[in-house]
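Report on one structure; see the data block that follows.
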Amino acid sequence: MVDPVSRRLIKELKDYQKEPNPDLAELSPVSDDNILIWKAVLRGEVDTPYEGGNWILRIEIPKTYPIHPPKIKFLTKICHPNISFKTGEICLDILKTAWSPAWTLQSACMAIRLLLSNPEPTSPLNCDAANLLRCGDFMGYESLVRMYTQLFAINQSSEYEGTS
Amino acid sequence: MNPEKFPLLSPIDLEGLSYCGFITVKGQELFFQFQHEDSNLTLRNVKLYGCPNLKRLLHGHENALQQRLEQCTNFSEFFLDLKDLLEFIMISEKPEPMPTGRYYLSLLSELNSIGWEKLEILDPSLRNLTLKLSDSSSRKHSIHISIPTSYPHALLNARADIPSISMTQFQATNLKDVINYYSKEFGNFQEVWAMLDDIDLNTWVLEPDKPKRSDLMRRIALGNHCSLKIEIDVNHPRRECQYELFGTESLIVPLHIKIAKNWNNWDINLTVRRNFENILEITFPTFQTSLSSDINFDCGICYSYHFESTIPDQSCNNNKCGQSFHRVCLYSWLQAIPSTKKNFNTLIGNCPYCNDVISTTREQ
Ligand SMILES: [Zn+2]
Ligand SMILES: [Zn+2]
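Protein chains in written order, with the UniProt record's numbering: chain H, 1 to 164; chain R, 1 to 364.
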């Protein structure tokens, strides 16, 4: 007998595989024997300073999913006002108070991707990036982001670091 | 304690969670038992069991009892209140007069004259009965009749499920008149019911859930979460009728344009359903065709259809959303949200899909 959380996750996996998402290079459980830990690979949007980058996300799913949101963080270093450069923690309302079971792992990842090009400098987890944005220094901001993208997210072996 | 006022309680288990006792009201001894759900000995978590007599007296007064249980701070206070309530119920109870011999005699001879095959239900008190009648299109109808004890000196009260509010109730001196009256009434609605049956048979009706013969409204699924609500005109069932379209603007606007363009083509020789199909230039999906297509019936929370022998029978009332959920799933979601309001067993919160108000109760 498959428990309800696994059943829903299997369905989400099937849905993703049935219709591959070019913006999400990968979305699947890390290993076959634990369906509660997933990995996703986000592709940076073209015409943004994230273009060309691939970011690995680690998704930790609570046993109470989808009543409670998954915990998602960046494993690949990323420069963004709302993402902690050190821990990869993401500040996004749908992963916290605005979560609803209508979201899926896939749509949550896509919301994170959308956050990349729509930063919210008022709730920063990365002060350097946020300060550049707040000063209106878009050129400086873009250069900073592009540099980190080049440094960490382009042509890096997308090896999964399995630690939490 | 005053034994007149307070019941004598004795524990019936070792843990001291269950007690039994008598409460004396107007010379009647009423036996009861109560049980705490857990070791928290408060009035909030108590189950009260009564003897048949006590149960009968409290029947219909459950709300009042619940209120008292919630307001009282201790058992003495509660039992005093319970005693008051029981006294009040006993005083207000008036025995009904028994029907006379004439009553049964008349009833028997009338049933003989209309034919016993028309009798569907006769309740054991012989005070209420249901007659069944077929109309000219073999639709089955039930007529509910209540008979006053003073019958045949008083009139019978009859009611049937027909679309006319003023005609639903009828008073008559005998059963034959009731049958004659409703046979004629059922005849008057043949065209109305033909239009509605045609809709029920050839479309997927979203609302009402189980249409009654008096329901003139139907909300019909169009697919893509869109629907058409129509109301058959009881006086001109084949004529152009009231309608409303529900759904996403982008899908509804083209339909409004079609209606504006084709409305004059309404043909009273066709059924209302066929007219709408012609005007909207579509064929209404039926429940079967919708089942086989990819319209999703799964619970919006656990993504399954079956969940521990239940199906997603709770759905969002927002026409544009209509997402369905298992009761258990919706309950646990609403419970997890701080903004959800609680009213006894009912949780009132927001649909996880469209944020409209949605409510559910815990499984009984
Ligand atoms: Zn469910
Ligand atoms: Zn809804």
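Heads up, the beta-carbon is just placed ideally off N, CA and C, and yes, glycines get one too.
Cβ-Cβ distance between residue i and residue j below 7 Å
{"i": "residue 405 of chain R", "j": "R:Phe287", "result": "Beyond the ends of chain R as shown, which are 1 and 364, falls residue 405 of chain R; an answer cannot be given."}
{"i": "R:Ser332", "j": "H:Arg7", "result": "no"}
{"i": "R:Thr149", "j": "R:Pro208", "result": "no"}
{"i": "H:Thr149", "j": "H:Gly88", "result": "no"}
{"i": "H:Pro101", "j": "R:Pro352", "result": "yes"}
{"i": "R:Leu155", "j": "R:Gln171", "result": "yes"}
{"i": "R:Asp81", "j": "R:Arg102", "result": "no"}
{"i": "R:Leu54", "j": "R:His36", "result": "no"}
{"i": "R:Ser76", "j": "R:Asp161", "result": "no"}
Neighbourhood of residue i by C-beta distance below 6 Å, restricted to the same chain and skipping five residues each side
{"i": "H:Leu36", "result": "Ile61"}
{"i": "R:Ser292", "result": "The predicted model places R:Ser292 with a pLDDT of 45, which falls under 50 and marks its position as unreliable, so this point remains unresolved."}
{"i": "R:Thr310", "result": "His326"}
{"i": "R:Thr340", "result": "Leu334, Leu347, Gly349"}
{"i": "H:Glu51", "result": "Gly44"}
{"i": "H:Lys16", "result": "In the sequence under discussion, the amino acid at residue 16 of chain H is Tyr, which differs from the Lys named in the question. Cβ neighbours of H:Tyr16 beyond the five flanking positions: Leu27, Gln106."}
{"i": "H:Glu19", "result": "none"}
Cutoff 7 Å: residue i Cβ touching any chain H Cβ
{"i": "R:Ile301", "result": "yes"}
{"i": "R:Gly349", "result": "no"}
{"i": "R:Tyr353", "result": "yes"}
{"i": "R:Trp266", "result": "no"}
{"i": "R:Ala336", "result": "yes"}
{"i": "R:Trp116", "result": "no"}
{"i": "R:Ser293", "result": "Note that R:Ser293 scores a pLDDT of 48, beneath 50, so its modelled location is shaky; the value from the coordinates is reported in the next line. No - not a single Cβ of chain H is within 7 Å of the one on R:Ser293."}
Heavy atom of ligand 4 within 6 Å of residue i beta-carbon
{"i": "R:His326", "result": "Among the ligands modelled here, namely ligand 1 and ligand 2, ligand 4 does not occur."}
Residue i CB to nearest heavy atom of ligand 1 below 6 Å
{"i": "R:Phe246", "result": "no"}
{"i": "R:Ile311", "result": "no"}
{"i": "R:Ile301", "result": "yes"}
{"i": "R:Phe307", "result": "yes"}
Separation of residue j from residue i, as counted between CA atoms
{"i": "H:Pro4", "j": "H:Trp103", "result": "16 Å"}
{"i": "R:Leu9", "j": "R:Gln33", "result": "9 Å"}
{"i": "R:Leu196", "j": "R:Glu62", "result": "40 Å"}
{"i": "R:Ile279", "j": "R:Ile301", "result": "38 Å"}
{"i": "R:Gly21", "j": "R:Gly50", "result": "10 Å"}
{"i": "H:Glu120", "j": "H:Ser84", "result": "13 Å"}
{"i": "residue 169 of chain H", "j": "H:Asp93", "result": "With chain H covering 1 to 164 only, the question about residue 169 of chain H has no answer from this structure."}
{"i": "H:Tyr65", "j": "R:Ser136", "result": "56 Å"}
{"i": "R:Phe79", "j": "R:Cys72", "result": "9 Å"}
Closer than 6 Å: residue i CB and nearest ligand 2 heavy atom
{"i": "R:Tyr331", "result": "no"}
{"i": "R:Gln323", "result": "yes"}
{"i": "R:Cys351", "result": "yes"}
{"i": "R:Asn318", "result": "yes"}
{"i": "R:Asp356", "result": "yes"}
Beta-carbon proximity list for residue i, same chain, < 7 Å, skipping 5 on both sides
{"i": "R:Leu119", "result": "Leu111, Leu129, Leu131"}
{"i": "H:Ala40", "result": "Leu24, Glu26, Leu27, Leu57, Ile59, Cys109"}
Close beta carbons around residue i, own chain, < 8 Å, minus the five adjacent residues each side
{"i": "R:Lys176", "result": "Glu110, Ser113, Ile114"}
{"i": "R:Ala64", "result": "Leu85"}
{"i": "H:Leu151", "result": "Lys77"}
{"i": "H:Glu12", "result": "Thr104, Leu105, Gln106"}
{"i": "R:Asp313", "result": "Ser324, His326, Arg327"}
{"i": "R:Val25", "result": "Lys83, Leu86, Glu87, Met90"}
{"i": "H:Asn118", "result": "none"}
{"i": "R:Val192", "result": "Pro163, Leu216, Ile232, Val234, Pro237"}
Cβ of residue i within 7 Å of any chain R Cβ
{"i": "H:Ile67", "result": "yes"}
{"i": "H:Ser100", "result": "yes"}
{"i": "residue 225 of chain H", "result": "Shown here, chain H extends from 1 to 164; a query on residue 225 of chain H therefore has no answer."}
{"i": "H:Pro29", "result": "no"}
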